[in-house]
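Numbering (my numbering), first residue to last: 259 to 884.
For each residue, glycine too, the CB sits at the ideal point set by N, CA and C.
None of these values were measured; they are calculated from a predicted model.
To start, the structure itself, in structure tokens.
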């Protein structure tokens, strides 16, 4: 019987406790809901009930205090803050809340006292969380001086980690505009532990806009150079300076530092090779060549030397293509260098790692050079066939070779042979991006042939492609056909336009321009004419004829103010001025046109970002006349 009563008692206690918790949760939800709805009276009514249980104060404090402030019940706010401190004296940020209250009530003496008090109370036992919360309270009030004092004291008290609050101090110094002190703090972290390098890089790039804060950015470089001179054996500062140069696309500045780093770390050219690859990817060809020459001449590793040689060839080829300035002698000399490299690879096959992969890359590069720049498709096919016959290459690599062979058929106007080969690759790699690209290329074959209905059928499938780039290309071609097909009964204009596009794919730019001009002159009111001007601008840009590219786009703007590609044309003009001609004022003019004349354009975000970069206005609103 006694045991039965004991069980009943425990069940009663459990039910009572469970019921109490349920009611408490309900009251908190109601109080918060009324607060969010702006019904502060009802919100406070529930909070007053909940306040009786001191353990609930952390859950209700912020909304409760805000509601009381909204109602002007300042005595109650004071009482709430002091009650909170009574039960939770370690929550030092509440002193700042009291200071805010007294400041609002214009009791400056009391306010200053409460703002100062929590810093005095900080000691060795104060947790990181408590100090961080207090610091955030100061920063929220823009009381940056006290926040800095707090973090400095916390660092001084922390014997195990006297740099625990360095990043928070750096954040405050940034807000105060004390960039030199901020940089010094970050570099102190590296002196303690080089593993902080990524954190320091992130901090510096977050607090200094490298595109607009030029004088502040220069402070980083000067400070690092002094550090390197004073600490010649510490490579972490060299690494940070290299990062700085690369972030600024200053490959020339990075070059000497990378050589120094490579020597100090005994990397035998590896760091220089990596810089060369980065420079090549950013079309900084001269520095890339300097890097690869350095490795070829200085590395003790045959492996690295061969890598340097193949990358040098790739750089020379890309430089010629990019600048569109070359003569037959230069092209033949480059071909000769490729053949010499292939010979070396054959002669030293056992001494070189991944020799098959290297030969594959060289053969593909050589084939492109021969086909598109030396007009020797037979030799190009011969070298692609050699690539196919290499032992041990993957099916995917063979698929890429077949794609290139199909491209050569297009170059030779053998478009149906190209179609069969694209179809083969598409079927072999149905679920791979290579297969999607093959399907798109095959669709373009039908487009070049004037078989627009067949082309559209392929494009309809590709518009749902998992590859965003291919899907976008498919959509663009589909829209072009939809908007311009059947505009005239003979379909002559559209078929000629497709032939012009085929000439561009074949890199026969003069022929393409003649075709585009003939359509423009013969079909003066055709809907293709804005597209023709845009295509001409693209060809002129490839030929490094930026002024002609801009003229074509300005003609589009003037003659076709209602064109659906006008915003795209304006962006192209702006980027040509910015990136190719360094005419930043003209670039800003056209970015502004997109922002104010085409506010719903897909290019607005890019235009705004670029305009702000050129203006040095990272956060301010942009005015139509700014």
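Give the DSSP-derived three-state secondary structure of residue i in the structure shown.
i           : result
residue 719 : helix
residue 264 : Note that residue 264 scores a pLDDT of 48, beneath 50, so its modelled location is shaky; the value from the coordinates is reported in the next line. Residue state, collapsed to three classes: helix.
residue 803 : coil
residue 382 : coil
residue 455 : helix
residue 711 : helix
residue 813 : helix
residue 430 : helix
residue 741 : helix
residue 511 : helix
residue 861 : coil
residue 491 : coil
residue 612 : coil
residue 820 : coil
residue 465 : helix
residue 520 : helix
residue 783 : coil
residue 764 : coil
residue 623 : helix
residue 856 : coil
residue 839 : coil
residue 795 : helix
residue 411 : helix
If residue i sits next to residue j, beta carbons under 8 angstroms apart, how far is it from one beta carbon to the other, in whole angstroms?
i           : j           : result
residue 498 : residue 516 : No, residue 498 and residue 516 are not in contact; Cβ-Cβ is about 13 angstroms, not under 8 angstroms.
residue 328 : residue 298 : 5 angstroms
residue 538 : residue 495 : Between residue 495 and residue 538 the Cβ distance is about 26 angstroms, and since that is not below 8 angstroms, they are no contact.
residue 351 : residue 361 : Rounded, the Cβ-Cβ distance is 15 angstroms, inconsistent with contact.
residue 661 : residue 696 : 6 angstroms
residue 434 : residue 472 : With a Cβ gap of about 20 angstroms, residue 434 and residue 472 do not count as contacting.
residue 804 : residue 582 : Not a contact, Cβ separation roughly 12 angstroms.
residue 505 : residue 468 : 6 angstroms
residue 292 : residue 304 : 7 angstroms
residue 705 : residue 735 : 7 angstroms
residue 452 : residue 424 : That pair is no contact at about 15 angstroms.
Residue j and residue i - do their beta-carbons sit closer together than 8 angstroms?
i           : j           : result
residue 693 : residue 703 : no
residue 829 : residue 807 : no
residue 441 : residue 481 : yes
residue 338 : residue 353 : no
residue 623 : residue 572 : yes
residue 700 : residue 716 : yes
residue 818 : residue 846 : no
residue 377 : residue 398 : no
residue 642 : residue 627 : no
residue 638 : residue 666 : yes
residue 285 : residue 307 : yes
residue 603 : residue 610 : yes
residue 345 : residue 314 : no
residue 437 : residue 474 : yes
residue 415 : residue 391 : no
residue 342 : residue 357 : no
residue 852 : residue 844 : no
residue 526 : residue 558 : yes
residue 814 : residue 842 : no
residue 752 : residue 786 : yes
residue 650 : residue 608 : no
residue 222 : residue 523 : With the chain running from 259 to 884 in the structure shown, residue 222 is simply not present.
residue 886 : residue 777 : Outside the shown range of the chain, which is 259 to 884, sits residue 886, and nothing can be said about it.
residue 396 : residue 379 : no
residue 832 : residue 849 : yes
residue 478 : residue 454 : no
For residue i, would you say it is in contact with chain C, using Cβ-to-Cβ distances shorter than 8 angstroms as the test?
i           : result
residue 333 : Protein chains in the displayed structure number just one, and chain C is not present.
Problem set entry | Contact the segment 796-805 vs the segment 764-783: 3+ CB pairs below 8 angstroms | Taking a cut-off of 8 angstroms on C-beta distances, the segment 796-805 touches the segment 764-783, as three or more cross pairs fall below it.
For this session: Taking only runs that begin and end inside the segment 287-318, name each unbroken alpha helix (DSSP H) of 4 or more residues, in chain order.
Result: Runs of the alpha helix (DSSP H) inside the segment 287-318: 298-309.
Problem set entry | the segment 640-650 touching the segment 727-741, judged by at least three CB pairs closer than 8 angstroms | In short, these stretches do not touch, since the Cβ pair count stays below three.
For this session: Output the residue ranges of the alpha helix (DSSP H) runs that lie fully inside the segment 628-698 and measure 4 residues or longer, sorted by chain position.
Result: Runs of the alpha helix (DSSP H) inside the segment 628-698: 635-646, 653-669, 673-686.
Problem set entry | Ranges of the beta strand (DSSP E) found wholly within the segment 554-591, counting only runs of at least 3 | Here no run is fully enclosed.
Exercise. Are there three or more Cβ pairs, one per stretch, closer than 8 angstroms when the segment 416-436 is compared with the segment 457-471?
Worked result: As far as the Cβ criterion goes, the segment 416-436 touches the segment 457-471, which means the pair count is three or higher.
Exercise. What are the start and end residues of each continuous beta strand (DSSP E) run of 3 or more residues lying completely inside the segment 350-395, in chain order?
Worked result: Counting only unbroken stretches of 3 or more residues, no beta strand (DSSP E) element lies wholly within the segment 350-395.
Exercise. When the Cβ atoms of the segment 523-532 are set against those of the segment 475-490, are three or more pairs found closer than 8 angstroms?
Worked result: The segment 523-532 vs the segment 475-490: no contact.
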